[in-house]
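Participant:
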Amino acid sequence: MTLRYAPAPPPAVLAVRGAAMLLAVVAFGHTLWNGVAEPGHALAFGVLVTVGELARWGSLPGEREPAPLGAAGALAYALLGRSGGEATTHGVLQVVTVVAAAQLLASVPHTARGSGPGPDLVARRVLAVGFAAVCFQPLSHSGRSERWFGEGLYFALFLVLLLALTALCEAVLAALTATTPRPFGPLLRDELRALIGIGSAVCATGAVMALGVAVAGLWALPLLCVPLLLTQVSFRRYAAVRTTYRQTIASLARSTEIAGYTPHGHARRVAELSTAVGRELGLAGPELSVLEYAALMHDIGQLSLVDPVPDGATARLPAAEQRRIALLGGAVVRQTGVDTAVAVVVEQQADPYREQPTAARIVRAVNAYDDLRGEGAGGPLGALEQLRLGTGRDYQPLVVEALARVLARGGLTSVGSG
Amino acid sequence: MRTTPRAARAYILCVALCATVCALPAPTPGAATPWGTLALLAALYLACELPGRCSFFARSVPVGAGSFFPLLLAAAFLLPPAAAVLVSVPGSLAGRVEQQPVAARRVWRTAQLALTVGAASWTYAFLGGPATLGGAGGGAVPDLPYALLPAGATALVFSLVLAVLDGGILATAERVAVRHAWRGLLARSVGPHLVHALAGLMMAILWRSSYGPVSALVVVLPMYISCWVFAQYHRQHAAHRATIRALVQAVDIKDGYTRGHSERVGRASELIARELGMEEERMEALRFAGILHDVGKLGVPTRILRKDGPLTPEERRVIELHPEYGHEIVRGIGFLDEARAAILHHHERLDGSGYPYGLAGDTIPEFARVVAVADAFDAMTSTRSYRRGRPVPAAVAELERCAGSQFDPQMVRALARALDRHGWSAAANTVTSEEQPPGLPRPRPGKRPSTAAGTTHRPGRRRR
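As you go down the protein sequences, you meet chains A and B in turn.
With full-length UniProt numbering, you'll find the first sequence wraps up at 418, consecutive numbering, no jumps.
With full-length UniProt numbering, you'll find the second sequence wraps up at 464, consecutive numbering, no jumps.
#1: Run through DSSP, which three-state label would B:Glu270 get?
#2: Does the region 30 to 38 of chain A come close enough to the region 161 to 177 of chain A to have 3 or more Cβ pairs within less than 8 Å?
#3: Please tell me whether, using a cut-off of 6 Å, the distance from the CB of A:Val306 to the nearest non-hydrogen atom of the ligand ATP is below it.
#4: Just the Cα atoms here: how many angstroms apart are A:Arg236 and B:Ile225?
#5: What does DSSP give as the partner residues of A:Ala87 in its beta bridges?
#6: Give the secondary structure of B:Arg316 by DSSP, where H, G and I count as helix, E and B as strand, and everything else as coil.
#7: Got a sec? Which residues, its chain only, sit under 6 Å from B:Ala374 by beta carbon, not counting five neighbours each side?
#8: Can you tell me where the alpha helix (DSSP H) with A:Glu355 in it begins and where it stops?
#9: Since B:Phe407 sits in a beta bridge, which residues does DSSP pair it with?
#10: Quick one: what's got a C-beta closer than 7 Å to B:Lys254's C-beta in the same chain, skipping five residues either side?
#11: If we define contact as Cβ-Cβ less than 7 Å, is B:Leu344 a contact residue for chain A?
#12: Less than 7 Å between C-beta atoms, sequence neighbours within five positions excluded: which residues of the same chain meet that for B:Ala414?
#13: Nearest to B:Ala376 by CA position, among B:Val330, B:Trp228, B:Cys402, is which residue?
#14: Does the structure place the region 140 to 157 of chain A close enough to the region 207 to 214 of chain B that three or more beta carbon pairs sit under 8 Å?
#15: State the DSSP-derived secondary structure class of A:Ala284, mapped to helix, strand or coil.
#16: Indicate whether at least one CB of chain A lies closer than 7 Å to the CB of B:Ala7.
#17: For a cutoff of 7 Å on Cβ pairs, would you count A:Ala55 as touching chain B?
#18: Taking C-beta pairs closer than 9 Å, name the residues in chain A that B:Glu328 reaches, listed in chain order.
#19: Short of 8 Å in beta carbon distance, which residues of its chain neighbour A:Val134, apart from the five on each side in sequence? Order them along the chain.
#20: Where does A:Ala74 sit, in a helix, a strand or coil, going by DSSP?
#21: Three-state secondary structure (DSSP) at A:Glu368?
#22: Among B:Tyr233, B:Leu115, B:Leu170, B:Asp378, which residue has its Cα nearest to the Cα of B:Ala82?
#23: Helix, strand or coil for B:Ala173? Go by DSSP, reduced to three states.
#24: Between A:Ser83 and A:Val213, which are expected to be in contact by the criterion C-beta below 8 Å, what is the C-beta distance as a whole number of angstroms?
#25: Return no unless some Cβ of chain A is closer than 7 Å to the Cβ of B:Ala368.
#26: At the level of alpha carbons, what is the spacing between A:Val160 and B:Ala32?
#27: For B:Glu434 and B:Ala341, I'd like the C-alpha separation in whole angstroms.
#28: Does A:Val215 have its Cβ less than 7 Å from a Cβ in chain B?
#29: Determine the direct distance from the alpha carbon of A:Arg269 to that of A:Leu296, and round the result to whole angstroms.
#30: Given B:Pro62, which residues of its chain have a CB within under 7 Å of its CB, disregarding the five upstream and five downstream residues?
#31: Helix, strand or coil, according to DSSP, for A:Ala404 in the structure here?
#32: Is the Cβ of B:Leu198 closer than 7 Å to any Cβ of chain A?
#33: Taking C-beta pairs closer than 8 Å, name the residues in chain A that B:Arg282 reaches, listed in chain order.
#34: Taking 7 Å as the CB-CB cut-off, is A:Gln396 touching chain B?
#35: Leaving aside the five residues before and after A:Gln348 along the sequence, list all residues of the same chain whose C-beta is less than 6 Å from its C-beta, in chain order.
#36: Since A:Tyr238 meets chain B, which of its residues come closer than 7 Å, beta carbon to beta carbon?
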C-alpha cells in the first residue's frame, strides 16, 4: 500500500499508462471526426460497461476483478461482428472510444468519493480491449473470419481462443504494472492463476455476450448479465468470510503475545516475512496461505507451558523441548479447521531442515531470525550471520539466502520493525 | 439406521411411476425424439454430477442437486416433454448421496427431477415456447422479449412441482407435520430458479443457433463457477467457526476446568436473545460473544488459573484483568463488533460495583448484560470438582434474587421464560472452573428482586 504512492513509477508502468492514453486520444479524435456507427449498440454497450464499473461499490481491497460485468461487456463489444443476424460496422477505434468513455463516466462518482479505480486499472482495461478489437474487428469487417471459420462451431471456438489470448495479455499488463517490487515471473504466475476463478467467468460471459447478441440482438445483454452478477455476489461473500477467517486466525496467533509468551508483534512479523520469503522461493496460491497460517500460529504450542520461555524465543531452547512445543502447537492447530498441511508445518517447525516441508523450513528460519534479531549487538545482520552458521543442520541454505535477499530489498529495518 | 417408512416407499413408487408414464411416448416412432440432443444433455448432466462421487474432487465441487438446474431447464426448453423426462436420469442415478438409505434416496431424486423437468417441459410446449427460440435451420431470429414469458412461467412451474414433491417426501419420510412440510419451500427457491431459467433460456437459444451446442456450454460456465465459489464459501464458513472454537479450546489448554462452559454460555446467550426478539444477525453475534467471553483468560498466567485453594488479592486483581485481555485479543476480528463490548463488560454489575470500569445501569452494553446472566447461570448449574451443580430452578431463583443489583431483570426474565419454553439440557456432569463464578450471589438482605416473573419454578424440561 505504501509503495503505491512512491514518487516515480517505474518506466514499465509509465509506458503502459502512456500507451493507453495515446490509444484513447486517437480513438476519441477518430470517432469525433467520423461519427458513431450504429449508435444504438454503442449506447447499449456503453451503458452496460458503465453500470458494470459502478458495481465496484463495496468491493473489498485486493479483490481480483471488482467489476466483472464491465470487463465482460467491454470484451463482448470488441468481439461483436453481428447483431441479430446483421453485420455490424463499428471499428477498433469506436470500441476503444466507447469503453474509455464508459470508464471515465463510471469513475466520476468513485473519484468524488476519493476511491476511484487506479489509473493502471483503467489503462489495462483500455489496452486489453484494444488488443481484442485489433485481433477481431479487421477480420470481421473484411469478411475473412466468415470465410475462415464460417458462422458455426469454429467461430465460437475462435472467439473463446481470442478471449484467452486477451486474458493472457491483460495478465502480462497486470504483472508489468504491479506495485510490489517482485520478480516478473512469479508475479505473472500469480496473475495467471487468478484467471482461473473469476477471470474465466468474465471471458466466458464476454464470448457468450458477443455470440448471444449476434443471434438475438441487444436483448441478449440483460439476460446474460444475471449469471455473472450472481458470480460476483458469490465471490464477494466468499472474500468477506475469508477476511473474517484470517482476522480470527490472526487473533488466535496474537493470544500468545497477550499471554506474555512471545514479544509483541512477533507472529505478524514472522508471517509477513515468511510469505515474502515464500514468494521469493516461488510459492503461490494455496501453498502461500498454508505458509502464512502456519507462520501466524507457529508459537501457539507455548500456551500449554506453565511458565513462559524468556522472550518467547524458542530458537535457543534445547531441540527436544522445541519439538515438544511444536507438537503441542500442531494439536491446537488441528482443531482450527484450517488445512491439515498447516498443522503439519507447525508440528515439524523444529525438525532439522532435511526432514521438513518447504513451508516449515521457511517458518523455522524466519522465526529464528526474528528471535535472534532483537538480542545482542549484532542486530539483523548478526542474526543472519547466525542463521548462516546453522545451515549445516537447522536451516536450509536456500531459505536463508532467500531471506537475505528479501531483507536486502525491503531494507533490513522496514520489514523487521514492522 | 432407520428404514424408509412404508408411506414414503409408496410415495416414491408413485412418483417414479408417474415419471415413467411421462417418458413412455419418447421411444414411439411418432414422437420424433431428438436423440442426439437428449444424449448430449444427459451426458452433460452426468458429467456435472459425477465429480461429487469421486473423493478427489468432492471437496472442491458444488454439492447438491440444485447446482445444475440451468442445464435441466435448458433441456426443458429444448426437448419435447417425453424426452426431457429422461435427461436427468443418468446424472441423478449416479450422483452423490450423503445419507442413508442410499438406494431409496437415489431413486427418489431421480424420479423427482424427472417428473419436475417433464412438467416444466410440458408447460413450455403448452405456452408455445419452442417457437420463440429461433434458429432451427431457418435462421430465424429469436423472438426475444416475448421468449422470456414462457421461460419465466416454466421456471415457476418447475419451482412449484419441485416444492410440492419435496413437501410430500418431508411429510411421508421425515414425518414432518403436514402443515409445516411445505412452509417456505417455494419462497426460498423461486428466485434462484428464475435466474437459472435465464441462463437456461440463453443456452437453449445458442444451442439452436448456428453456433451450436459448444457455445451453449459456455453459458453454463459462469453459473458453474458461481456454484463452486458458493460451496467454497460454505467450507470457509465452517472453517471459521472451527477457528472460533479453537480460540476457546486454547483457553481450555490453560484452564482445564472450563471445558464446555464457553459453548454453554453461548447457547444460553442465544436463548435469551431469541426471547428478546433480536434479529438473526445480532443473535449470531451474541452467541459468539457468549462463546468468547472468557477468551481473555489466555492472558492470565497459567499458574494462577490452575492454583488450588484461595487466591490472594493480588492474584484476584490479575484474574480480573481477563475481560480487557479478551477485548484486546478479539480487537482485530471485524465482524464481532458488538460482541467485543460484551467481552469487555461481562463482569460489570448493574449497581456499578463490577469490573473493569464499574459501569452501572444502562451504560452497560446490552450484549454484556445478556452474557453476564448466561455466564452466572451456567456457573451455578454446572458441577465443579468441589460441589455438584445446582438444579435449574434454584439457579433461576438465585438470579432473580440478584436481579436489579447485579443482573438486568429484563435478561433474567427472558432467560427464565426461555428455560420454561425450551428447557436446559446442560451436561450437568461437566466439570467447570474452580474460579469464583462471576455471578456469585452475594447475600443482600435489603434488596429483594423487584420482579416477580417466573416465581413458580418449573423444572427445566430435558430435551432428547
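A virtual CB, placed ideally from N, CA and C, is assigned to each residue, including glycine.
Facilitator: The short version:
#1: Along the second sequence, one-based indexing puts residue 270 of chain B at 270. In this structure, B:Glu270 counts as helix in the three-state DSSP scheme.
#2: no
#3: As presented, the structure is devoid of all ligands, the ligand ATP included, so that no description of it is given.
#4: Within the first sequence, numbered from 1, the residue matching residue 236 of chain A stands at position 236. Within the second sequence, numbered from 1, the residue matching residue 225 of chain B stands at position 225. Cα to Cα, the separation comes out at about 13 Å.
#5: Here the question's residue 87 of chain A lines up with position 87 in the first sequence. In DSSP, A:Ala87 forms a bridge with A:Arg82.
#6: On the second sequence, position 316 is the one that residue 316 of chain B refers to. Correct three-state label for B:Arg316: helix.
#7: Numbered from 1 along the second sequence, position 374 holds the residue referred to as residue 374 of chain B. The residues are Val265, Ala268, Ser269, Gly290.
#8: Here residue 355 of chain A refers to the residue found at position 355 of the first sequence. Element bounds for A:Glu355: n/a, residue is neither H nor E.
#9: As a working mapping, residue 407 of chain B is identified with position 407 in the second sequence. In the DSSP output, where bridge partners are listed per residue, B:Phe407 has B:Ala403.
#10: As a first step, residue 254 of chain B must be located in the second sequence, where it is residue number 254. Here the set comprises Lys297, Leu298, Thr302, Leu305.
#11: Position 344 of the second sequence holds residue 344 of chain B. Not closer than 7 Å to any Cβ of chain A, the Cβ of B:Leu344 fails to qualify, so no.
#12: Your numbering for residue 414 of chain B matches position 414 in the second sequence. Correct list, in chain order: Ile272, Glu275, Leu276.
#13: Taking the second sequence and counting its residues from 1, one reaches residue 376 of chain B at position 376. Considering only alpha carbons, the answer is B:Cys402.
#14: yes
#15: By 1-based counting over the first sequence, the position of residue 284 of chain A is 284. A:Ala284 falls in the coil class under three-state DSSP.
#16: Position 7 of the second sequence, counted from the first residue, corresponds to residue 7 of chain B. B:Ala7 does not count as touching chain A.
#17: The residue you call residue 55 of chain A lines up with position 55 of the first sequence. Output row for A:Ala55: interface = no.
#18: Counting from one through the second sequence, the residue named residue 328 of chain B turns up at place 328. By Cβ distance, chain A contributes Arg254, Ile258.
#19: The sequence position of residue 134 of chain A within the first sequence is 134, counting from 1. Same-chain partners within the cutoff: Val92.
#20: Position 74 of the first sequence, counted from the start, is the residue given in the question as residue 74 of chain A. Three-state result, A:Ala74: helix.
#21: For this step, residue 368 of chain A is matched to residue 368 along the first sequence. With the sequence shown as reference, residue 368 of chain A is identified as Ala, and Glu is not the correct amino acid for it. A:Ala368 falls in the helix class under three-state DSSP.
#22: Here residue 82 of chain B refers to the residue found at position 82 when the second sequence is read from its first residue. Comparing Cα-Cα distances from B:Ala82 to each of B:Tyr233, B:Leu115, B:Leu170, B:Asp378, the minimum goes to B:Leu115.
#23: The residue labelled residue 173 of chain B in the question sits at position 173 within the second sequence. Coil, per DSSP.
#24: Here the question's residue 83 of chain A lines up with position 83 in the first sequence. Here the question's residue 213 of chain A lines up with position 213 in the first sequence. Correct: roughly 5 Å between the Cβ atoms.
#25: Taking the second sequence and counting its residues from 1, the one referred to as residue 368 of chain B is at position 368. It does not; no Cβ of chain A falls within 7 Å.
#26: For the purposes of this step, residue 160 of chain A is taken as residue 160 along the first sequence, with counting starting at 1. For the purposes of this step, residue 32 of chain B is taken as residue 32 along the second sequence, with counting starting at 1. About 34 Å.
#27: Position 434 of the second sequence, counted from the first residue, corresponds to residue 434 of chain B. Position 341 of the second sequence, counted from the first residue, corresponds to residue 341 of chain B. Any reading at B:Glu434 must be qualified, since the residue scores a pLDDT of 36, below 50, and its modelled position is unreliable; the value itself is stated next. Going from the Cα of B:Glu434 to the Cα of B:Ala341 covers about 25 Å.
#28: Sequence index remark: in the first sequence, residue 215 of chain A carries index 215 (1-based). Yes, A:Val215 lies at the interface with chain B (some Cβ there is under 7 Å from its Cβ).
#29: Numbered from 1 along the first sequence, position 296 holds the residue referred to as residue 296 of chain A. Numbered from 1 along the first sequence, position 269 holds the residue referred to as residue 269 of chain A. Taking the straight line from one Cα to the other gives about 9 Å.
#30: Locating residue 62 of chain B in the second sequence gives position 62, where the first residue counts as 1. Residue placement at B:Pro62 cannot be trusted, given a pLDDT of 43 that sits under 50; the coordinates are not used to answer.
#31: Locating residue 404 of chain A in the first sequence gives position 404, where the first residue counts as 1. Reduced to three states, the DSSP call for A:Ala404 is helix.
#32: Looking up residue 198 of chain B in the second sequence gives position 198. Judged by the 7 Å Cβ criterion, B:Leu198 is in contact with chain A.
#33: Against the second sequence, residue 282 of chain B aligns to sequence position 282. Here the premise fails: no neighbours, minimum Cβ distance about 16 Å.
#34: Counting from one through the first sequence, the residue named residue 396 of chain A turns up at place 396. Taking Cβ atoms only, chain B never reaches closer than 7 Å to A:Gln396, which makes this a no.
#35: Indexing the first sequence from 1 puts residue 348 of chain A at position 348. Once the five neighbours on either side are set aside, the close Cβ partners of A:Gln348 are Gln356, Ala360.
#36: Stepping through the first sequence from its first residue, residue 238 of chain A is reached at position 238. Within 7 Å Cβ-Cβ: Val229, Gln232, Tyr233, Gln236.
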